[in-house]
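Counting in my numbering, the sequence shown runs from 22 upward without gaps. Have a look at the structure below before the remarks.
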Amino acid sequence: MAAIARIEEITARIRERSAPTREPYLARIAAKGAAGPRRTRLHCGNLAHGFAACGPTDKARLTGDETLNLGIITSYNDMLSAHQPYESYPELIRQTAREMGATAQVAGGVPAMCDGVTQGQTGMELSLFSRDVIAMAAAVGLSHDMYDAAVYLGVCDKIVPGLAIAALTFGHLPAVFVPAGPMTTGLPNDEKTRIRQLYAEGKVGRDALLDAESKSYHGPGTCTFYGTANSNQMLMEIMGLHMPGSSFVNPGTPLRDALTREATRRALSITALGNEYTPAGLVVDERAVVNGVIGLHATGGSTNHTMHLVAIAAAAGIQLSWADISELSDLTPLLARVYPNGSADVNHFQAAGGMGFLIQELLKHGLLHDDVRTAWGTGLDGYRVEARLSEDGHSVIRVPAPEHSHDPKVLTTPEQPFATNGGLKMLDGNMGKAVIKVSAVKPERRVVEAPARVFHDQDDLQRAFKAGELTGDFIAVVRFQGPKSNGMPELHKLTPSLGVLQDRGQKVALVTDGRMSGASGKIPAAIHVTPEAAEGGVIGKIRDGDMIRLDGETGRLEILVDADELGARPVAEADLSANEFGLGRELFAVFRRAVGSADRGASVF
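See below:
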């Protein structure tokens, strides 16, 4: 009961803090919702441009006043496995809309880049900024004001947060997010990790590594580990923006298509012209945001969402802080073991009971707000279900979530949690603030006190590893990796090397103002250090040999140097000129100058 009361207190605190921004936001979307789309008030030449390419039936419908028009924002491209399935969705959506006497148009496409492809590469420096570009690109598509509702086709790391920011910026429009689902299970994650470490040690060659990676990432759909992409799907469902039970259904299946048709029908049924008007800006309120944070903790989700959720909430006028996230972590039991905090993948999570069972267990123990609005039209209680295909193969039916987990080693209950608190933890201390994913780190490795080894680039650490220079216990400090420095790339290349050293018996940890995301692995890593080095943060004052204490249990991150000495030290300088050009980085200089700190969402808005 104490946890329930505390969650209510935190929600009330967020609501009170947000009032100066939330209330004007609600007034804006109410005014816009009352006005409706400008389609029927456009000059004839404007409207003619809006339906010039439509077929005769759609064109005739769009000339009238009452036909509903659904906007499709798509992140389709056929290079990325997660977004390739979206190729056929627009036509399926258009057909379903026509069956309802409505129309649907692709309002716009947004970029979708893959952190898996750009990992450790130059292009990764555009990854975080792509979230805000996606929000702006979606806004361009919706700015034609031709639509009564919108469906958002997106799955992966920055795409869903960017689309969510856009959906809330256009918060007067009903919004339904339509997932594409995870790829089927490939090479087990533990085996993939073993091959990566062998490659890092030089014990297997590139052929063996590529073979393992290809067997892991082998077909359409999201990667199956529980990184940012699958955390996105969990969030959209637990925040009420998905159809119930739709998050983790594999691509290319009849059920997947039936869920997409259902999402289309639902989006068209909740417009301002009907009796169930459900604007996105009212679905995502303080309660929904708290539900999202609790879901993230209960599943050990991606550390990226300590930034993305802050930015998404801000788009709805809600002020979420790292302190809120940290306190909610202390109240939330860890109920899922999905790689990297377990050996299972997201398909095993789905088979064990999936989102329906997770939501059911959290609701039963009062750990979620049920009294929310959802795109489905119920409170969150309506999401305690499994989605299945009807006997005729054309529609979705739902059955109650299982009473017991089908695999308690993957998905459990609050009575028998994998841990009594959440998978993510905020760190604080004289180095500033940071984030750690403790669910992936064994308890005996969560506290490290060791001398610093300082690097200004992840490649420098890699070279030191290969040269055999990283001996003894140490904490690697990789700085000038924050959003102002170089766009805050993920530093996954470090995990295999540091994992090898940890397996050799060394105590190692990582401290960085960069990112590691949901696949951060078994190394204790204090990431998103704020203020970053480029902003004069204390991380920029650390020297080789300084003792650092990273305590993932108590949530402390400290440099054990006398305060007067530390205050007198200058901040190190780094030559960042190499980050300013190549693969489009020159176009993002304005982002590097304007971006806010990680704890404020690392946003340019």
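For each residue, glycine too, the CB sits at the ideal point set by N, CA and C.
- Message: If contacts are defined as beta-carbon pairs under 8 Å, then residue 398 and residue 299 qualify, I think. What distance do you get, rounded to the angstrom?
- Response: As a working mapping, residue 398 is identified with position 377 in the sequence shown. As a working mapping, residue 299 is identified with position 278 in the sequence shown. Confirmed, about 7 Å.
- Query: For residue 568, which of helix, strand or coil comes out of DSSP?
  - Reply: Taking the sequence shown and counting its residues from 1, the one referred to as residue 568 is at position 547. Of the three classes helix, strand and coil, the one that applies to residue 568 here is strand, per DSSP.
- Query: Pick from 561, 121, 184 and 120: whose alpha carbon is nearest that of residue 133?
  - Reply: Taking the first residue of the sequence shown as position 1, residue 133 is located at position 112. When each option's Cα is compared against that of residue 133, the closest is 184.
- Task: Count the other C-beta atoms from every protein chain shown that fall within 10 angstroms of the C-beta of residue 31, then say buried if there are 16 or more, exposed otherwise.
- Result: Here residue 31 is taken as the residue at index 10 of the sequence shown, counted from 1. When all chains shown are included, residue 31 counts as buried.
- Message: Whole angstroms are fine: how far does the CA of residue 418 sit from the CA of residue 283?
- Response: Looking up residue 283 in the sequence shown gives position 262. Looking up residue 418 in the sequence shown gives position 397. Approximately 10 Å between the Cα atoms of the pair.
- Query: What's the C-alpha gap between residue 610 and residue 129?
  - Reply: Taking the first residue of the sequence shown as position 1, residue 610 is located at position 589. Taking the first residue of the sequence shown as position 1, residue 129 is located at position 108. Taking the CA atoms as reference points, residue 610 sits about 25 Å from residue 129.
- Does residue 150 get closer than 8 Å to chain D when you measure Cβ to Cβ? Absent from the structure: chain D. Only one protein chain is present.
- Query: Under the three-state reduction of DSSP, which class applies to residue 126: helix, strand or coil?
  - Reply: On the sequence shown, residue 126 is found 105 positions in, with the first residue counted as 1. Judged by DSSP in its simplified three-state form, residue 126 adopts strand.
- Message: Under 8 Å: do the region 228-244 and the region 197-213 share three or more Cβ pairs, one atom per stretch?
- Response: The region 228-244 vs the region 197-213: in contact.
- What first and last residue would you give for the alpha helix (DSSP H) that runs through residue 630? Here the chain has residues from 22 to 626 only, and residue 630 is not among them.
- Item | Through-space distance from residue 262 to residue 201, alpha-carbon basis | Your numbering for residue 201 matches position 180 in the sequence shown. Your numbering for residue 262 matches position 241 in the sequence shown. Here the alpha carbons of residue 262 and residue 201 stand approximately 14 Å from one another.
- Identify which residue in 177, 149, 239 and 286 has its Cα closest to the Cα of residue 416. Here residue 416 refers to the residue found at position 395 of the sequence shown. When each option's Cα is compared against that of residue 416, the closest is 286.
- Query: Given that a residue counts as buried once 16 or more other Cβ atoms are within 10 Å of its Cβ, and exposed if not, what is residue 41?
  - Reply: Taking the sequence shown and counting its residues from 1, the one referred to as residue 41 is at position 20. When all chains shown are included, residue 41 counts as exposed.
- Task: Quick one: grab the DSSP three-state call for residue 453.
- Result: Counting from one through the sequence shown, the residue named residue 453 turns up at place 432. Looking at residue 453 - three-state DSSP - the assignment turns out to be strand.
- Are at least three pairs of beta-carbons, each pair with one atom in the region 511-527 and one in the region 567-575, less than 8 Å apart? no
- List the DSSP bridge partners of residue 432. Residue mapping note: residue 432 aligns to position 411 of the sequence shown, counting from 1. Answer is 357.
- Determine the contact status of residue 459 and residue 327, defining contact as a CB-CB distance below 8 Å. Sequence index remark: in the sequence shown, residue 459 carries index 438 (1-based). Sequence index remark: in the sequence shown, residue 327 carries index 306 (1-based). No, the Cβ-Cβ distance between residue 459 and residue 327 is not below 8 Å.
- CB of residue 471 within 8 Å of CB of residue 528, strictly: Taking the first residue of the sequence shown as position 1, residue 471 is located at position 450. Taking the first residue of the sequence shown as position 1, residue 528 is located at position 507. Yes, the pair counts as a contact, with Cβ atoms nearer than the cut-off.
- Message: Just to check my reading of the structure: residue 508 and residue 150 have Cβ atoms closer than 8 Å, yes? What is that Cβ distance to the nearest angstrom?
- Response: Position 487 of the sequence shown holds residue 508. Position 129 of the sequence shown holds residue 150. Between residue 150 and residue 508 the Cβ distance is about 6 Å, and since that is below 8 Å, they are a contact.
- Message: Let's test the definition: count the other Cβ atoms within 10 Å of the Cβ of residue 539 and tell me whether it reaches 16, buried, or not, exposed.
- Response: Locating residue 539 in the sequence shown gives position 518, where the first residue counts as 1. Note that residue 539 scores a pLDDT of 49, beneath 50, so its modelled location is shaky; the value from the coordinates is reported in the next line. Buried.
- Item | Option in 331, 569 and 160 with minimal Cα separation from residue 617 | Walking along the sequence shown from the start, residue 617 turns up at place 596. That would be 331, whose Cα lies nearest to the Cα of residue 617.
- Message: Can you tell me whether residue 25 is buried or exposed? The criterion is at least 16 other CB atoms within 10 Å of its CB, across all chains shown.
- Response: For this step, residue 25 is matched to residue 4 along the sequence shown. Classification for residue 25: exposed.
- Query: Distance, Cα to Cα, residue 268 vs residue 258?
  - Reply: Taking the first residue of the sequence shown as position 1, residue 268 is located at position 247. Taking the first residue of the sequence shown as position 1, residue 258 is located at position 237. Residue 268 and residue 258: Cα-Cα distance of roughly 7 Å.
- Query: From what residue to what residue does the alpha helix (DSSP H) around residue 112 run?
  - Reply: As a first step, residue 112 is located in the sequence shown; it is residue number 91 there, counting from the start. DSSP places residue 112 in the uninterrupted alpha helix (DSSP H) bounded by 110-120.
- Task: Give every residue of the same chain whose Cβ lies closer than 6 Å to the Cβ of residue 380, excluding the five residues on either side of it in the sequence, and list them in chain order.
- Result: Sequence index remark: in the sequence shown, residue 380 carries index 359 (1-based). If we look at residue 380 and ignore the five residues flanking it on each side, its Cβ neighbours are 404 and 405.
- Message: Using only the alpha-carbon positions, how far apart do residue 362 and residue 625 sit?
- Response: Along the sequence shown, read from residue 1 onward, the residue named residue 362 stands at position 341. Along the sequence shown, read from residue 1 onward, the residue named residue 625 stands at position 604. Rounded to the nearest angstrom, the two C-alpha atoms are 32 Å apart.
- Under 8 Å between C-beta atoms of residue 160 and residue 196: Mapped onto the sequence shown, residue 160 falls at position 139. Mapped onto the sequence shown, residue 196 falls at position 175. The answer is no: Cβ separation not under 8 Å.
- Item | Spatial neighbours of residue 607 in its chain, beta-carbon cut-off 7 Å, leaving aside the 5 residues before and after | Walking along the sequence shown from the start, residue 607 turns up at place 586. Hits under 7 Å: 601.
- Message: Between which residues of its own chain and residue 423 is the CB-CB distance below 7 Å, once the five residues before and five after are set aside?
- Response: The count along the sequence shown starts at 1 and reaches residue 423 at position 402. Counting only Cβ-Cβ distances below 7 Å, and skipping sequence neighbours, we find 374 and 378.
- Query: Since residue 46 is in the alpha helix (DSSP H), which residue starts that stretch and which ends it?
  - Reply: Here residue 46 refers to the residue found at position 25 of the sequence shown. First-last of the alpha helix (DSSP H) with residue 46: 23-56.
- Under the three-state reduction of DSSP, which class applies to residue 206: helix, strand or coil? In the sequence shown, the residue the question calls residue 206 occupies position 185. Note: residue 206 maps to coil in three-state DSSP.
- Query: For residue 484, which of 519, 119 and 365 has the nearest alpha-carbon?
  - Reply: Here the question's residue 484 lines up with position 463 in the sequence shown. When only C-alpha atoms are compared, the closest one is 519.
- Item | 8 Å Cβ cutoff met for residue 376 and residue 452 | By one-based count along the sequence shown, residue 376 stands at place 355. By one-based count along the sequence shown, residue 452 stands at place 431. No, the Cβ-Cβ distance between residue 376 and residue 452 is not below 8 Å.
- Task: Please confirm whether residue 155 and residue 176 have their CB atoms less than 8 Å apart.
- Result: Position 134 of the sequence shown, counted from the start, is the residue given in the question as residue 155. Position 155 of the sequence shown, counted from the start, is the residue given in the question as residue 176. The answer is no: Cβ separation not under 8 Å.
- Pull up the CB-CB distance for residue 204 and residue 243, whole angstroms please, since I reckon it's below 8 Å. Taking the first residue of the sequence shown as 1, we reach residue 204 at position 183. Taking the first residue of the sequence shown as 1, we reach residue 243 at position 222. Yes, they are in contact, since the Cβ atoms of residue 204 and residue 243 sit about 7 Å apart, within 8 Å.
- What do you reckon, are the CB atoms on residue 496 and residue 530 nearer than 8 Å? Position 475 of the sequence shown, counting from 1, holds the residue named residue 496. Position 509 of the sequence shown, counting from 1, holds the residue named residue 530. Yes, Cβ-Cβ distance for residue 496 and residue 530 is below 8 Å.
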